[in-house]
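Asks: First the structure, which I've put down as structure tokens, then a few questions once you've had a look.
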């Protein structure tokens with residue numbers, strides 16, 4: 001049985017962030033080795049400012065109240081939790097170059113790499129998930 | 001039953017009950033028992049699945065006034 005969970009985060013909305021970080025923290029809390037590859041809009045999820053202002057899908061803004069009522073943790077809290085549990089964050093170098101972003105634009109302790117960095121981690125991971 | 005530690009995770013939503021359970025479990029020794037109190041209905045299946053993946057045993061479980069209690073013996 002594989003002890004690794006590999007996740008690709010390719011979208012940058014608030015719902016995307018919850019899907020990514022809930023699975024990642026749950027897996028890490030179950031003693032899995034977890035890596036998330038943040039690419040394209042997915043980089044938003046670990047962007048120092050961006051992660052505080054993630055948007056809900058158009059027309060779904062009314063769910064904000066539901067999030068509050070269900071006492072769902074905030075995304076920055078989940079990011080911190082994931083880091084604390086040892087989840088590895090890999091930011092896509094190519095996307096960063098295209099968008100003019102540097103490592104300093106992101107939360108601490110990220111690794112910057114290309115597709116092969118992620119593929120190398122994911123080669124014996126199960127499951128590999130894409131959000 | 002000797003309870004070594006109690007975790008109050010009432011009111012917390014997924015994935016926090018699991019994350020907090022993991023952290024609390026890290027602080028006790030093998031064979032000791034952790035009591036977990038949760039209100040998240042998802043935990044009803046999540047906590048047993050989590051325990052199974054780590055080889056821990058759920059030795060008792062009950063529900064009172066909307067609060068679910070798990071008694072998990074550490075592997």
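Chains as they are written, first to last, in full-length UniProt numbering: chain A, 1 to 131; chain B, 1 to 75. Ideal Cβ positions, reconstructed from N, Cα and C, are used throughout, including at glycine. Nothing here was measured: the structure is a model prediction, and the numbers come from that model.
(1) Chain A beta carbons: is any one of them nearer than 7 angstroms to that of residue 53(B)?
(2) Take residue 131(A) as the anchor and find which of 45(A), 97(A) and 66(A) has the nearest alpha-carbon.
(3) Of all the residues that make up the stretch 6–28 of chain A, which are near chain B by a beta-carbon distance shorter than 7 angstroms?
(4) Which residues in the same chain have their Cβ closer than 6 angstroms to the Cβ of residue 42(B), if we skip the five residues on either side of it in sequence?
(5) Excluding the five sequence neighbours on either side, which residues of its own chain have a C-beta within less than 6 angstroms of the C-beta of residue 8(A), listed in chain order?
(6) In terms of residues, what are the limits of the alpha helix (DSSP H) holding residue 126(A)?
(7) Near residue 29(A), what residues of its chain come up, given a Cβ to Cβ distance below 7 angstroms and the 5 sequence neighbours on each side ignored?
(8) DSSP three-state call for residue 57(B): helix, strand or coil?
(9) Return yes when the C-beta of residue 43(A) is under 6 angstroms from any heavy atom of the ligand NAP, and no when it is not.
(10) Pull up the CB-CB distance for residue 33(A) and residue 3(A), whole angstroms please, since I reckon it's below 8 angstroms.
Replies: So, from the listed chains and residues:
(1) yes
(2) 45(A)
(3) 22, 25 and 26
(4) 14
(5) 37 and 130
(6) Run containing residue 126(A): none; DSSP gives neither H nor E here.
(7) 85
(8) strand
(9) The ligand NAP is not part of this structure, which contains no ligands at all.
(10) 6 angstroms
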